[in-house]
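Be aware that the sequence shown starts at 986, since it is given in this note's numbering, and climbs by one per residue. Beta carbons are placed, not taken as given, at the ideal position from N, Cα and C, and that holds for glycine. The next block holds one structure in the form of structure tokens; read it before the comments.
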Amino acid sequence: SFLDLARESLAEQQTRAWEQHKANERATRGTGQTGALDGVPLALPALVRAQKLQRRAAELRRRGFRLAIDDMGTGYSSLSYLQRFHYDELKIDRSFVDDIPSNSNDAEIAATIIAMAHNLRLQVVAEGVETQEQAAFLAEHRCSYYQGYLFSKPLDAAAMTRYLQTTLAPTDSTDAPASH
């Protein structure tokens, strides 16, 4: 779940994020997968209290967590936050993904956010991906990651661990074709 830094104490945030990190680490052990699962998305309305949040974000980064701007393109999204905070990724709000590729405005906004993120050397996560057409559009524009019902319904930590273990499990070498 998303961490709203304005509502929780830093200790609560760190404890919850650390527990999720350890669950992800256990689930991906031996799969070759890395920290993409260790993001801590920040809801943009929370960024209004900038100085306090800058200290909290810096502390989380010192502890090894990746930070993401959540709901990019909506509400309080201001490009000035990209200057003030050091993020690892932007998350495109699902409202811009819902009507891709049929709504050219939404498609252009999503493509622009992806291009901007890459120019800033950030990863991009598209939220709310539900169709193959949306996934194809996002892949064509080099979106880094996707979230949505096309891949899985929302899962609690235990279900996510099982899902990752089954989908990322190393393949059995007996299934590979014999080399001659």
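Using a Cβ-Cβ distance under 8 Å, would residue i count as near chain C?
i	result
Leu1123	The chain labelled as chain C is not found in the depicted structure, where only one protein chain is given.
Using DSSP with H/G/I as helix, E/B as strand and the rest coil, what is residue i?
i	result
Glu1118	helix
Lys1138	coil
Asp1084	coil
Asp1091	helix
Leu1067	helix
Gln1132	coil
Arg1051	strand
Leu1123	helix
Glu1112	coil
Leu1149	helix
Leu1045	helix
Leu1075	strand
Grab me the residues of residue i's own chain with a C-beta within less than 8 Å of its C-beta, minus the 5 sequence neighbours each way, in chain order.
i	result
Ile1098	Met1057, Gly1058, Leu1075, Ile1077, Phe1081, Val1109
Glu1004	Ala1142
Leu1107	Tyr1072, Asp1073, Glu1074, Leu1075
Tyr1135	For the record, residue 1135 in the displayed sequence is Leu; it is not Tyr. Closer than 8 Å at the Cβ level, and outside the excluded window around Leu1135, lie Val1114, Glu1115, Thr1116, Gln1117, Gln1119, Ala1120.
Arg1046	Leu1052, His1071
Is the distance from the Cβ of residue i to the Cβ of residue j below 8 Å?
i	j	result
Arg1041	Asp1073	no
Thr1146	Arg1011	yes
Leu1123	Tyr1131	yes
Ala1008	Ala1142	yes
Leu1038	Leu1067	no
Ala1096	His1126	yes
Which term fits residue i, buried or exposed, when burial requires 16 or more other beta carbons within 10 angstroms of its beta carbon?
i	result
Gln1117	exposed
Gly1049	exposed
Ala1092	buried
Ala1121	exposed
Ala1100	exposed
Leu1064	exposed
Apart from the five residues on each side of it in sequence, which residues of its chain come closer than 7 Å, Cβ to Cβ, to residue i?
i	result
Cys1128	Ile1099, Val1109, Ala1111
Between which residues of its own chain and residue i is the CB-CB distance below 6 Å, once the five residues before and five after are set aside?
i	result
Gly1133	Gly1113, Val1114, Glu1115
Does the contact criterion of 3 or more C-beta pairs under 8 Å hold for the stretch 1081–1093 versus the stretch 1110–1124? Verdict: yes, contact present.
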